[in-house]
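S.K.:
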Amino acid sequence: MTHLLECKDLHVKYGGVHALRGISLHVDEGEIVTIIGANGAGKSTLLNAISAIVPISSGEILYEGQPLPRKAHQVVARGIAQVPEGRQVFANLTVKDNLKIGAFLRRDAQGVAADLERVYRIFPRLRERENQYAGSLSGGEQQMLVIGRGLMSHPRLMLMDEPSLGLAPMLVQEIFKVIREINREGTTLLLVEQNAHKALAIAHRAYVLETGEIIREGYGQDLLKDPAVQEAYLGARRTARQK
Amino acid sequence: MILQQIVNGISIGAVYALIAVGYSLVYSVLNFSNFAHGDVLMLGAYIGFFSLMLLKVPFPLAIAMAMVGAGIIAMIIEKIAYRPLRLRRAPLLYFMISAMGMSIFLQNFTIVTIGPNFRTYPDIFPVKPFAVGNLSIGRLDLVILIATVIVLLLLTWLVYKTRIGIAIQAAAYNMRVASLMGINPDLIATLVFLLAGASAGIGGVLFGMKYTVYPWMGVLTIKAFVAAVVGGLGSLPGAVVGAFVLGITETFAAAYISSAFRDLFSYLLMTIIIVARPAGLMGTVAQEKA
Ligand SMILES: Nc1ncnc2c1ncn2[C@@H]1O[C@H](COP(=O)(O)OP(=O)(O)OP(=O)(O)O)[C@@H](O)[C@H]1O
Ligand SMILES: [Mg+2]
Numbered sequence: 014m015t016h017l018l019e020c021k022d023l024h025v026k027y028g029g030v031h032a033l034r035g036i037s038l039h040v041d042e043g044e045i046v047t048i049i050g051a052n053g054a055g056k057s058t059l060l061n062a063i064s065a066i067v068p069i070s071s072g073e074i075l076y077e078g079q080p081l082p083r084k085a086h087q088v089v090a091r092g093i094a095q096v097p098e099g100r101q102v103f104a105n106l107t108v109k110d111n112l113k114i115g116a117f118l119r120r121d122a123q124g125v126a127a128d129l130e131r132v133y134r135i136f137p138r139l140r141e142r143e144n145q146y147a148g149s150l151s152g153g154e155q156q157m158l159v160i161g162r163g164l165m166s167h168p169r170l171m172l173m174d175e176p177s178l179g180l181a182p183m184l185v186q187e188i189f190k191v192i193r194e195i196n197r198e199g200t201t202l203l204l205v206e207q208n209a210h211k212a213l214a215i216a217h218r219a220y221v222l223e224t225g226e227i228i229r230e231g232y233g234q235d236l237l238k239d240p241a242v243q244e245a246y247l248g249a250r251r252t253a254r255q256k
Numbered sequence: 146m147i148l149q150q151i152v153n154g155i156s157i158g159a160v161y162a163l164i165a166v167g168y169s170l171v172y173s174v175l176n177f178s179n180f181a182h183g184d185v186l187m188l189g190a191y192i193g194f195f196s197l198m199l200l201k202v203p204f205p206l207a208i209a210m211a212m213v214g215a216g217i218i219a220m221i222i223e224k225i226a227y228r229p230l231r232l233r234r235a236p237l238l239y240f241m242i243s244a245m246g247m248s249i250f251l252q253n254f255t256i257v258t259i260g261p262n263f264r265t266y267p268d269i270f271p272v273k274p275f276a277v278g279n280l281s282i283g284r285l286d287l288v289i290l291i292a293t294v295i296v297l298l299l300l301t302w303l304v305y306k307t308r309i310g311i312a313i314q315a316a317a318y319n320m321r322v323a324s325l326m327g328i329n330p331d332l333i334a335t336l337v338f339l340l341a342g343a344s345a346g347i348g349g350v351l352f353g354m355k356y357t358v359y360p361w362m363g364v365l366t367i368k369a370f371v372a373a374v375v376g377g378l379g380s381l382p383g384a385v386v387g388a389f390v391l392g393i394t395e396t397f398a399a400a401y402i403s404s405a406f407r408d409l410f411s412y413l414l415m416t417i418i419i420v421a422r423p424a425g426l427m428g429t430v431a432q433e434k435a
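Protein sequence lines correspond, in order, to chains H and R.
Numbering-wise (this note's numbering), the first sequence opens with residue 14 and increments by one.
Numbering-wise (this note's numbering), the second sequence opens with residue 146 and increments by one.
1. Buried or exposed: which applies to Thr307 (chain R), given that a residue is buried once 16 or more other Cβ atoms fall within 10 Å of its Cβ?
2. How big is the Cα-Cα spacing for Lys434 (chain R) and Tyr172 (chain R)?
3. Can you find a CB in chain R that lies within less than 8 Å of the CB of Gln95 (chain H)?
4. Please tell me whether, using a cut-off of 7 Å, the distance from the CB of Asp22 (chain H) to the nearest non-hydrogen atom of ligand 2 is below it.
5. Is the closest heavy atom of ligand 1 to the C-beta of Lys56 (chain H) under 7 Å?
6. Which value, in whole angstroms, describes the spacing of the CA atoms of Leu33 (chain H) and Ile74 (chain H)?
7. Rounded to the nearest angstrom, what separates Lys84 (chain H) and Pro261 (chain R) at their Cα positions?
8. In whole angstroms, what separates the C-alpha of Asp331 (chain R) from that of Arg228 (chain R)?
9. Please list the partners that Ile151 (chain R) has in chain H, where partner means a Cβ-to-Cβ separation under 8 Å.
10. Quick test of the definition: if touching needs 3 or more C-beta pairs under 8 Å, does the region 185-202 of chain R touch the region 320-330 of chain R?
11. Candidates R:Ala398, R:Arg234, R:Ile419 and R:Ile417: which alpha carbon is nearest Asn153 (chain R)'s?
12. Which one or two residues does DSSP pair with Gln95 (chain H) in a beta bridge?
13. What is the rounded straight-line gap between the Cα of Thr396 (chain R) and the Cα of Ser403 (chain R)?
14. What I want to know is whether the C-beta of Asn52 (chain H) ends up closer than 7 Å to one or more non-hydrogen atoms of ligand 1.
15. Spell out whether any CB of chain H is found under 8 Å from the CB atom of Met326 (chain R).
16. Which residue wins for smallest C-alpha separation from Met171 (chain H), given the options H:Gln186, H:Leu180, H:Ile192 and H:Leu178?
17. Taking Cβ to Cβ, would you say Arg290 (chain H) is nearer than 8 Å to Gly115 (chain H)?
18. Please tell me whether Ala369 (chain R) and Tyr168 (chain R) are closer than 8 Å, where the distance is taken between their beta carbons.
19. Using 8 Å as the limit for Cβ to Cβ distance, is Ala74 (chain H) near chain R?
20. Flag Val30 (chain H) as yes if its beta-carbon sits less than 8 Å from any beta-carbon of chain C, otherwise no.
21. Mind checking which residues open and close the alpha helix (DSSP H) that includes Asp235 (chain H)?
22. Leaving out five residues before and five after Lys26 (chain H) in sequence, what residues of the same chain have Cβ atoms less than 6 Å from its Cβ?
23. Are the C-beta of Ile195 (chain H) and some C-beta of chain R separated by less than 8 Å?
24. Assign Gln79 (chain H) to one of two classes, buried (16 or more other C-beta atoms within 10 Å of its C-beta) or exposed (fewer than that).
25. Say the cut is 7 Å; is the CB of Glu98 (chain H) nearer than that to a heavy atom of ligand 1?
26. Just to confirm the assignment, what range does the beta strand (DSSP E) spanning Thr201 (chain H) have?
27. Contact between the region 37-49 of chain H and the region 84-100 of chain H: three or more CB pairs below 8 Å?
28. Taking 7 Å as the cut-off, is the CB of Glu10 (chain H) close to at least one heavy atom of ligand 2?
29. For Gly258 (chain H) and Gln145 (chain H), I'd like the C-alpha separation in whole angstroms.
30. The alpha helix (DSSP H) that contains Gly50 (chain H), what's its start and end?
31. Determine the burial state of Leu202 (chain H): buried for a count of at least 16 other Cβ atoms within 10 Å of its Cβ, exposed for fewer.
32. So which residues of chain H does Ile322 (chain R) contact, with C-beta pairs closer than 8 Å?
33. What is the rounded straight-line gap between the Cα of Tyr246 (chain H) and the Cα of Ile215 (chain H)?
34. Go to Phe397 (chain R), then tell me how far its alpha helix (DSSP H) extends in each direction, as first and last residue.
35. Quick one: what does DSSP say Leu222 (chain H) is sitting in, helix, strand or coil?
36. Count the other CB atoms, across all protein chains shown, that sit within 10 Å of the CB of Gln255 (chain H); report buried if there are 16 or more and exposed otherwise.
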């Protein structure tokens, strides 16, 4: 069967830096797939290559069996949204305009209005702040905003780059709850996380990325119990020994 | 006669404003100053001139033709002189060089095809000014002011209230993230040049009517560029404020000091403002560029 998304032997180079070295992976409709890996492993590069904001030097990316266009806005038009890392809101726009711009390509006004309600239901804080400039939000609120903005395009596949980074534990819980919820509502997710524990716990499948290569893959639950993964990414020698 | 000078200053400031918003708009989205902007203005002035003289169209139509013509010319300039550089992520310096090349080309092309002579717009509005109390307001100045206000209001509505305007603002803040929203950077660039070109087009007609039309009249827009920088390059309200500050300073310097010192004083003031406030008068929001 054809996968929703499939990367075949993907290579990305930044000048002399060989950031992705032959990545092959796939995501099926309805899944949460997570990518874990240390800083600089190439996680963001992978998402950016899929989103076409980084050029690929070889390999291919298939979406529903067809090559994905190589311009970022065309990728979005195909139903793939990215929530970029690092709270990249449009600080010069209000919260509401940030959300509306997330739905830039949509023509179904009613659907957009419904999704705006949904985002406000998930993050009531954003409704309270809707007329405030995004630049004046707190870090956590900005993170809610970029996630909400990503949802506004009503993507079929959502790429999320470290959505929980730097958030208070309470909020991290909340974000993971949201990720589960939008997945249940039908959005497929490719999730990059440093919070490997939580990510593996909610993921159907996972890939472990190390210096541009996939060194392990499997079901989320299995990797969670894998001693090597525990040692390297879960910081849990104790549980490893107990096992 | 302070009031009279303010009236004169506002009139010249209005034309600067029309030009300055174009510099600012392009800079806000593409991060470079389009030094061929003045030549787009020059071409707009010629389009308006020949529409009136040869095609004998009514004045409002001549303005419309200048705006459309200059808008299209600006779009073409973006496509051939800047887009290839942008797609190759060339350093900013190359954009500047390309702009200068375009500017020199357009001036010389005009000299060769239309000729180097100065041309004077016909007197469309009676030369005799209005008298309001002690004030005398030139009819042309009034037309300039009204036209400027209309264009600026339209532009403001477009950029701040419409869907595509919000996309322009998003692209101005961060083009890369904007493209992740499905915004096509090429489309935004085209649009921004169209808007900047159209404002320069009407600016050219008004400038031409107030003074004359000639192939290198575009150099005068360097003043509007300075106004845009003083206002805070990239900020539309800033460009307008900077333009009026410059216009009024100029007329005051000319009236109370000496017209020979006009530019000396206005540029001195501009330099002082820039040194004191490098972000410009209205450049408050830190522009983060990716
Ligand atoms: N624009 C760039 N130019 C040059 N090198 C880059 C660029 N972006 C990333 N790299 C390099 O590519 C490698 C992978 O970077 P990437 O951002 O994909 O890592 P990451 O896994 O997302 O890390 P983190 O967890 O810190 O976000 C790193 O070595 C990085 O230094
Ligand atoms: Mg990253």
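Every residue gets a Cβ at the ideal spot worked out from N, C-alpha and C, and that includes glycine.
Owing to the predicted nature of the structure, the values given are computational and were not obtained by experimental measurement.
M.R.: In brief:
1. Start at 1 with the first residue of the second sequence, and residue 307 (chain R) comes out as number 162. Exposed.
2. As a first step, residue 434 (chain R) is located in the second sequence; it is residue number 289 there, counting from the start. As a first step, residue 172 (chain R) is located in the second sequence; it is residue number 27 there, counting from the start. Residue placement at Lys434 (chain R) is flagged as unreliable, the pLDDT there being 37, under the threshold of 50; the coordinate-derived value follows with that caveat. Using only the alpha carbons, I get a separation of about 12 Å.
3. For the purposes of this step, residue 95 (chain H) is taken as the residue at position 82 of the first sequence. Gln95 (chain H) counts as touching chain R.
4. Taking the first residue of the first sequence as 1, we reach residue 22 (chain H) at position 9. Checking the Cβ of Asp22 (chain H) against ligand 2 gives no.
5. Here the question's residue 56 (chain H) lines up with position 43 in the first sequence. Yes - ligand 1 has a heavy atom lying nearer than 7 Å to the Cβ of Lys56 (chain H).
6. Here residue 33 (chain H) refers to the residue found at position 20 of the first sequence. Here residue 74 (chain H) refers to the residue found at position 61 of the first sequence. Approximately 13 Å, taken between the alpha carbons.
7. The sequence position of residue 84 (chain H) within the first sequence is 71, counting from 1. The sequence position of residue 261 (chain R) within the second sequence is 116, counting from 1. About 45 Å.
8. Within the second sequence, residue 331 (chain R) is the residue found at index 186, counting from 1. Within the second sequence, residue 228 (chain R) is the residue found at index 83, counting from 1. If you take the alpha carbons of Asp331 (chain R) and Arg228 (chain R), they lie about 8 Å apart.
9. Sequence index remark: in the second sequence, residue 151 (chain R) carries index 6 (1-based). Simply none; closest approach about 32 Å.
10. The way I'd put it, the region 185-202 of chain R doesn't touch the region 320-330 of chain R; fewer than three beta-carbon pairs between them come closer than 8 Å.
11. Reading the second sequence from its first residue, position 8 is the one you call residue 153 (chain R). It is R:Ala398 whose Cα lies nearest to the Cα of Asn153 (chain R).
12. The residue given as residue 95 (chain H) occupies position 82 in the first sequence. Gln95 (chain H) pairs with H:Leu172.
13. Residue 396 (chain R) sits at position 251 when you count from the first residue of the second sequence. Residue 403 (chain R) sits at position 258 when you count from the first residue of the second sequence. In a straight line, the C-alpha of Thr396 (chain R) is about 10 Å away from that of Ser403 (chain R).
14. Residue numbering aside, residue 52 (chain H) sits at position 39 when the first sequence is read from its first letter. Shortest gap from the CB of Asn52 (chain H) to any heavy atom of ligand 1: under 7 Å.
15. Against the second sequence, residue 326 (chain R) aligns to sequence position 181. For Met326 (chain R), the answer is yes, since a Cβ of chain H falls inside 8 Å of its Cβ.
16. Here residue 171 (chain H) refers to the residue found at position 158 when the first sequence is read from its first residue. Residue H:Ile192 is the option with its Cα nearest to Met171 (chain H).
17. Outside the shown range of chain H (14 to 256) lies residue 290 (chain H), about which nothing can therefore be said.
18. For the purposes of this step, residue 369 (chain R) is identified with residue 224 of the second sequence, where counting begins at 1. For the purposes of this step, residue 168 (chain R) is identified with residue 23 of the second sequence, where counting begins at 1. Yes.
19. Reading the first sequence from its first residue, position 61 is the one you call residue 74 (chain H). With the sequence shown as reference, residue 74 (chain H) is identified as Ile, and Ala is not the correct amino acid for it. With 8 Å as the cut-off, Ile74 (chain H) does not count as an interface residue toward chain R.
20. Among the protein chains of the structure shown, namely H and R, there is no chain C.
21. Within the first sequence, residue 235 (chain H) is the residue found at index 222, counting from 1. Asp235 (chain H) -> alpha helix (DSSP H) spans Gly233 to Lys238.
22. Mapped onto the first sequence, residue 26 (chain H) falls at position 13. Taken in chain order, the residues that qualify are Ser70.
23. As a working mapping, residue 195 (chain H) is identified with position 182 in the first sequence. No - not a single Cβ of chain R is within 8 Å of the one on Ile195 (chain H).
24. As a working note, residue 79 (chain H) is residue 66 in the first sequence. Here Gln79 (chain H) is exposed: its Cβ has fewer than 16 other Cβ atoms, across all protein chains shown, within 10 Å.
25. Here the question's residue 98 (chain H) lines up with position 85 in the first sequence. Yes, the beta carbon of Glu98 (chain H) sits closer than 7 Å to at least one heavy atom of ligand 1.
26. By one-based count along the first sequence, residue 201 (chain H) stands at place 188. Taken as a continuous stretch (DSSP letters only), the beta strand (DSSP E) holding Thr201 (chain H) covers Thr201 to Glu206.
27. no
28. The structure shown does not extend to residue 10 (chain H), since chain H spans only 14 to 256, so no value can be given for it.
29. The structure shown does not extend to residue 258 (chain H), since chain H is modelled only from 14 through 256, so no value can be given for it.
30. The residue given as residue 50 (chain H) occupies position 37 in the first sequence. Taken as a continuous stretch (DSSP letters only), Gly50 (chain H) belongs to no alpha helix (DSSP H), being part of the beta strand (DSSP E) at Ile45 to Gly50.
31. Counting from 1 along the first sequence, the entry for residue 202 (chain H) is found at position 189. Buried, because 16 or more other Cβ atoms sit within 10 Å of the Cβ of Leu202 (chain H).
32. Here the question's residue 322 (chain R) lines up with position 177 in the second sequence. Inspection of the sequence shows that residue 322 (chain R) is occupied by Val rather than by Ile. The contacting residues are Pro97, Gln101 and Phe103.
33. Along the first sequence, one-based indexing puts residue 246 (chain H) at 233. Along the first sequence, one-based indexing puts residue 215 (chain H) at 202. Taking the straight line from one Cα to the other gives about 16 Å.
34. As a first step, residue 397 (chain R) must be located in the second sequence, where it is residue number 252. That run of the alpha helix (DSSP H) goes Leu381 to Phe397.
35. Taking the first residue of the first sequence as position 1, residue 222 (chain H) is located at position 209. Reduced to three states, the DSSP call for Leu222 (chain H) is strand.
36. For the purposes of this step, residue 255 (chain H) is taken as residue 242 along the first sequence, with counting starting at 1. Residue confidence is low: Gln255 (chain H) scores 44 on pLDDT, short of 50, so the model does not pin down where it sits. No coordinate-derived value is stated.
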